[in-house]
Amino acid sequence: QQIAAPQRSTSVKVAAVAQMEDFTVNSVPTQPIEGQKTGTSGLRKKTKVFMGDNYLANWIQSLFNALGEEAQGKTIGLGGDGRYFNKEAVQIILRLAAGNGVSKVVVGKDAIMATPAMSALIRRRGLYGGLIMSASHNPGGPEEDWGIKFNYSSGEPAPEKITDKIYGFTQSISELKMADIPEVDLSKVGTTQFGSFEVEVVDYTAEYFATLKEVFDFPALKAFMTRADFSFVFDALHAVTGAYAGPLFVDELGAKADSIHNGTPLPDFGGGHPDPNLTYAHDLVELMWSDKAPVFGAASDGDGDRNMVLGSHFFVTPSDSVAIIAASAQAAIPYFKGGLKGVARSMPTSGALDRVAQKMGLPFYETPTGWKFFGNLMDADQCSICGEESFGTGADHVREKDGLWAVLAWLSILAYKNKDVPEGGKFVSVKDIVMDHWKQFGRNVYSRYDYEGVESEAANKMIAHLESVIASSKKGDKFGEYTLETADNFAYTDPIDGSVAKNQGIRFVFQDGSRIIFRLSGTGSAGATIRLYIEAYTADEAAFEKDAQEVLKSIIGTALEVSKLQEFTGRDKPTVIT
Ligand code: G6P
Ligand code: ZN
22 QQIAAPQRST SVKVAAVAQM EDFTVNSVPT QPIEGQKTGT SGLRKKTKVF
72 MGDNYLANWI QSLFNALGEE AQGKTIGLGG DGRYFNKEAV QIILRLAAGN
122 GVSKVVVGKD AIMATPAMSA LIRRRGLYGG LIMSASHNPG GPEEDWGIKF
172 NYSSGEPAPE KITDKIYGFT QSISELKMAD IPEVDLSKVG TTQFGSFEVE
222 VVDYTAEYFA TLKEVFDFPA LKAFMTRADF SFVFDALHAV TGAYAGPLFV
272 DELGAKADSI HNGTPLPDFG GGHPDPNLTY AHDLVELMWS DKAPVFGAAS
322 DGDGDRNMVL GSHFFVTPSD SVAIIAASAQ AAIPYFKGGL KGVARSMPTS
372 GALDRVAQKM GLPFYETPTG WKFFGNLMDA DQCSICGEES FGTGADHVRE
422 KDGLWAVLAW LSILAYKNKD VPEGGKFVSV KDIVMDHWKQ FGRNVYSRYD
472 YEGVESEAAN KMIAHLESVI ASSKKGDKFG EYTLETADNF AYTDPIDGSV
522 AKNQGIRFVF QDGSRIIFRL SGTGSAGATI RLYIEAYTAD EAAFEKDAQE
572 VLKSIIGTAL EVSKLQEFTG RDKPTVIT
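Count along the sequence shown starting at 1, add 21, and that's the number in our numbering.
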């Protein structure tokens, strides 16, 4: 059965367009598929599930149903992190976009587009939105994960009012509107026209790098990176930033070609887990603790929004990283030379940023976990820099966290701190910068324990138990060595739109600023993941050289005792410690 193509397409003959071809739109019958519930990180499932009959097409059609007339005649972006199935998925999405009246799709060459690059593309080109094919830091390949997410007009992940609507349509869908356009060659930059539907294959670095150049001083960075006493390694973990790292660090900033490790994006990320942390970026970690360690090392995740920053024999926690970037931004990064509008962190992220905000007299916001909460603040010009303990750092140049931005921010800080140090002089290292910061602000010693794959019922019981502990606690109560200031289940009222997010994590805040926090992960795929975040504040310089686990031993003991975690879950140790 054929249905009429959307108004502006088949019937309109555009004589001036080269390669013009008409297309018809076929109505393909389909049925709802269960479980296509979309969160703000989009829909993530096993790749094989997405490759099943109409699985992806149903979700994309539901997206267009949800957007309705608003998307007709508009231009959207499309790209992904290079994982298995992305290239096939592009062709399905293009046929549905044409069939649903979208007038143009801007696709990254080879189907590549990092998440922050998509955000930049949407913002710079004023696109209606963009689709990102990624399951972020989850492994890729036929046996692993695939994902898709829609970002809206200011480059931010689609809000719940859209994702809820998409889910609604996935439950009642009966028809796919598929245009019968031929496959588009993604290997060449250029425009192809099908009637009045257009596909533009673009250089995926162009808009993103243009944005980064507005933020950073590229000539100054190049001068710094080519110093003889500086050395650098970036590990792309065979994920999307591999496609950007060479053009950025080598071609633009003069780094040596061999400073990019695992720089070819692979469909299965080389069999690895593209998550930049001390566990999964093990090759980089090994190098940074070897006698061949460069001055600076960094890594990013599958889709390029997370980052990890390392110095020689030194790990910068994400919580310290955002605090240090905020403290130095005005001096070290041109984009911030007029000062910061404000700063924000998610609730479980350490209080290091709070101390910077206080000292600098900056507006400060504590939001629930999830990047989306920063977007409103940024759109309202209330926040310039923000970060999360989960290896996310970013700013208001885009509306996603941005891995390469974080690396360039650190390079800028290193360049600034060494600007008066002659080559061969006393180079200010990553560790020196962090130690200086702690001397000024104190150290928020921090660690996160993850208990993955816990039975959901057990996890819920533990949270209920903690709720009862909160209810019966009061200021001044003793918890081990610590004296309670407040205990609550974190709730957040968005200062911009007044929306309220409740039950965002159990927190015990002590009088010296130390904290114990419990949350259930919102991104896990099997059972429940309990996250325990522990933070102890110290201004004692003797503690600065100590390992976090050593400093936190007693407060962790207190946390396990208060929560009865072992009793509820049967776990005597976490699955991951970061
Ligand atoms: C994703 C989100 C982040 C969030 C992280 C951890 O990366 O974009 O905003 O902090 O997941 O979330 P979780 O609920 O698993 O702790
Ligand atoms: Zn990611």
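Cβ atoms here follow ideal geometry from the backbone N, Cα and C, with glycine treated the same way.
Since this is a predicted model, take the numbers as computed values, not measurements.
- Message: One question on the structure: do His418 and Val222 come within less than 9 Å of each other, judged by their Cβ atoms?
- Response: By one-based count along the sequence shown, residue 418 stands at place 397. By one-based count along the sequence shown, residue 222 stands at place 201. Their beta carbons are not under 9 Å apart, which means His418 does not touch Val222 by this criterion.
- Query: If you draw a straight line from the alpha carbon of Ile484 to that of Ser575, how long is it in whole angstroms?
  - Reply: Taking the first residue of the sequence shown as position 1, residue 484 is located at position 463. Taking the first residue of the sequence shown as position 1, residue 575 is located at position 554. About 21 Å.
- Message: Report the start-end ranges of each beta strand (DSSP E) in the segment 479-511 that is 3 residues or longer and not cut off at the edges.
- Response: 503-510
- Determine the extent of the alpha helix (DSSP H) in which Gly189 is found, giving its start and end residues. As a first step, residue 189 is located in the sequence shown; it is residue number 168 there, counting from the start. Per DSSP, Gly189 belongs to the alpha helix (DSSP H) from 181-191.
- Query: So, helix, strand or coil for Ala25, using DSSP?
  - Reply: Position 4 of the sequence shown, counted from the start, is the residue given in the question as residue 25. Per-residue confidence for Ala25 stands at a pLDDT of 43, beneath the threshold of 50, marking its modelled position as unreliable; the derived number appears in the next sentence. Reduced to three states, the DSSP call for Ala25 is coil.
- Message: I'd like to know whether the C-beta atoms of Gly413 and Asn328 end up nearer to each other than 9 Å.
- Response: For the purposes of this step, residue 413 is taken as the residue at position 392 of the sequence shown. For the purposes of this step, residue 328 is taken as the residue at position 307 of the sequence shown. Yes, they are a contact pair.
- How would you call Glu409, buried or exposed, if buried means at least 16 neighbouring beta carbons within 10 angstroms? In the sequence shown, the residue the question calls residue 409 occupies position 388. Label assigned to Glu409: buried.
- Task: Kindly examine the ligand ZN and report whether one of its heavy atoms sits closer than 8 Å to the Cβ of Thr390.
- Result: On the sequence shown, position 369 is the one that residue 390 refers to. The answer is no for Thr390.
- Task: Note down the Cα distance separating Thr232 from Ile194, rounded to an integer number of angstroms.
- Result: Reading the sequence shown from its first residue, position 211 is the one you call residue 232. Reading the sequence shown from its first residue, position 173 is the one you call residue 194. Their Cα atoms are separated by approximately 39 Å.
- Three-state secondary structure (DSSP) at Val597? As a first step, residue 597 is located in the sequence shown; it is residue number 576 there, counting from the start. Correct three-state label for Val597: strand.
- Message: Between the alpha carbons of Glu473 and Lys447, how many angstroms are there, rounded?
- Response: Within the sequence shown, residue 473 is the residue found at index 452, counting from 1. Within the sequence shown, residue 447 is the residue found at index 426, counting from 1. Rounded to the nearest angstrom, the two C-alpha atoms are 44 Å apart.
- Query: Taking C-alpha atoms, which residue in Asp561, Asp102, Lys452 lies nearest to Thr285?
  - Reply: Your numbering for residue 285 matches position 264 in the sequence shown. Checked all of Asp561, Asp102, Lys452; the closest Cα to Thr285 is Asp102.
- Could you tell me which of Phe589, Leu487, Arg528, Gly526 sits nearest to Val583, measuring between CA atoms? Along the sequence shown, one-based indexing puts residue 583 at 562. Of Phe589, Leu487, Arg528, Gly526, the residue nearest in Cα terms is Leu487.
- Query: Quick one: Cα of Val38 to Cα of Asn107, how far?
  - Reply: Taking the first residue of the sequence shown as position 1, residue 38 is located at position 17. Taking the first residue of the sequence shown as position 1, residue 107 is located at position 86. Residue confidence is low: Val38 scores 32 on pLDDT, short of 50, so the model does not pin down where it sits. Its coordinate-derived value is still stated next. The straight-line gap from Cα to Cα measures roughly 29 Å.
- Item | Beta-carbon spacing of Ala92, Asn121 below 9 Å | Counting from 1 along the sequence shown, the entry for residue 92 is found at position 71. Counting from 1 along the sequence shown, the entry for residue 121 is found at position 100. For Ala92 and Asn121, yes; Cβs fall inside 9 Å.
- Query: Bridge partners of Tyr386, per DSSP?
  - Reply: Numbered from its first residue, the sequence shown carries residue 386 at position 365. DSSP lists Ala365 as partners of Tyr386.
- Item | Whole-Å CB distance - Ile97 paired with Leu142, under 8 Å assumed | For the purposes of this step, residue 97 is taken as the residue at position 76 of the sequence shown. For the purposes of this step, residue 142 is taken as the residue at position 121 of the sequence shown. No, Ile97 and Leu142 are not in contact; Cβ-Cβ is about 10 Å, not under 8 Å.
- Tell me which same chain residues have a C-beta within less than 6 Å of the C-beta of Lys34, skipping the five on either side of it? Position 13 of the sequence shown, counting from 1, holds the residue named residue 34. The pLDDT assigned to Lys34 is 32, lower than 50, so where the model puts this residue is not dependable; a value taken from the coordinates is nonetheless given after this. Once the five neighbours on either side are set aside, Lys34 has no close Cβ partner at all.
- Item | Delimiting residues of the alpha helix (DSSP H) encompassing Phe85 | Counting from one through the sequence shown, the residue named residue 85 turns up at place 64. Run containing Phe85: 76-88, per the alpha helix (DSSP H) assignment.
- Item | Own chain partners of Pro160 with C-beta closer than 6 Å, once the 5 adjacent residues on each side are dropped | In the sequence shown, counting from the first residue as 1, residue 160 sits at position 139. His294.
- Task: Enumerate, from N- to C-terminal direction, the unbroken alpha helix (DSSP H) stretches of 4 or more residues contained entirely within the segment 252-307.
- Result: 263-266
- Task: Could you tell me the distance, in whole angstroms, from the CA atom of Gln214 to the CA atom of Val220?
- Result: By one-based count along the sequence shown, residue 214 stands at place 193. By one-based count along the sequence shown, residue 220 stands at place 199. Their Cα atoms are separated by approximately 6 Å.
- Query: Helix or strand or just coil, what does DSSP make of Asp400?
  - Reply: As a working note, residue 400 is residue 379 in the sequence shown. Asp400 falls in the helix class under three-state DSSP.
- Excluding five sequence neighbours on each side, which residues of the same chain lie with their C-beta closer than 6 Å to the C-beta of Asp604? Nothing in the structure corresponds to residue 604, since the chain is present only between 22 and 599.
- Query: For Asn624, is the classification buried or exposed, using 16 other Cβ atoms within 10 angstroms of its Cβ as the cut-off for buried?
  - Reply: With the chain running from 22 to 599 in the structure shown, residue 624 is simply not present.
- Message: Classify Gly332: buried if its beta carbon has 16 or more other beta carbons within 10 angstroms, exposed otherwise.
- Response: Along the sequence shown, read from residue 1 onward, the residue named residue 332 stands at position 311. Answer is buried; the Cβ neighbour count reaches 16.
- Indicate, with yes or no, if the ligand G6P has a heavy atom lying under 8 Å from the CB of Asp326. Mapped onto the sequence shown, residue 326 falls at position 305. Yes; taking the cut-off as 8 Å, the Cβ of Asp326 has a heavy atom of the ligand G6P nearer than that.
- Could you tell me how far apart the beta carbons of Ser535 and Tyr467 are, in whole angstroms, since I believe they sit closer than 8 Å? Counted from its first residue, the sequence shown places residue 535 at position 514. Counted from its first residue, the sequence shown places residue 467 at position 446. The Cβ separation is near 10 Å, so there is no contact.
- Item | Whole-angstrom C-beta distance between Phe539 and Glu506, which should lie under 8 Å | As a first step, residue 506 must be located in the sequence shown, where it is residue number 485. As a first step, residue 539 must be located in the sequence shown, where it is residue number 518. Not really, about 17 Å apart at Cβ, beyond 8 Å.
- Query: Which residues share a DSSP beta bridge with Ile114?
  - Reply: The sequence position of residue 114 within the sequence shown is 93, counting from 1. Paired residue(s): none; Ile114 is not in a bridge.
- Item | Per-residue DSSP class, three states only, for Gln379 | Position 358 of the sequence shown, counted from the start, is the residue given in the question as residue 379. Gln379: helix per DSSP, three-state reduction.
- Message: Measuring straight from C-alpha to C-alpha, what distance separates Ile491 and Tyr503?
- Response: Start at 1 with the first residue of the sequence shown, and residue 491 comes out as number 470. Start at 1 with the first residue of the sequence shown, and residue 503 comes out as number 482. Looking at the two C-alpha atoms, the distance is approximately 15 Å.
- Tell me where the beta strand (DSSP E) around Tyr470 begins and ends. Mapped onto the sequence shown, residue 470 falls at position 449. Its beta strand (DSSP E) spans residues 464-475.
- Message: By the three-class DSSP mapping on this structure, what secondary structure does Ile194 have?
- Response: Translated into positions along the sequence shown, residue 194 becomes position 173. Residue state, collapsed to three classes: coil.
- Query: In whole angstroms, what separates the C-alpha of Ala26 from that of Pro178?
  - Reply: For this step, residue 26 is matched to residue 5 along the sequence shown. For this step, residue 178 is matched to residue 157 along the sequence shown. Unreliable positioning characterises Ala26 in this predicted model, as indicated by a pLDDT of 44, which lies under 50. The coordinate reading is nonetheless provided below. Spanning the two alpha carbons is a distance of roughly 29 Å.
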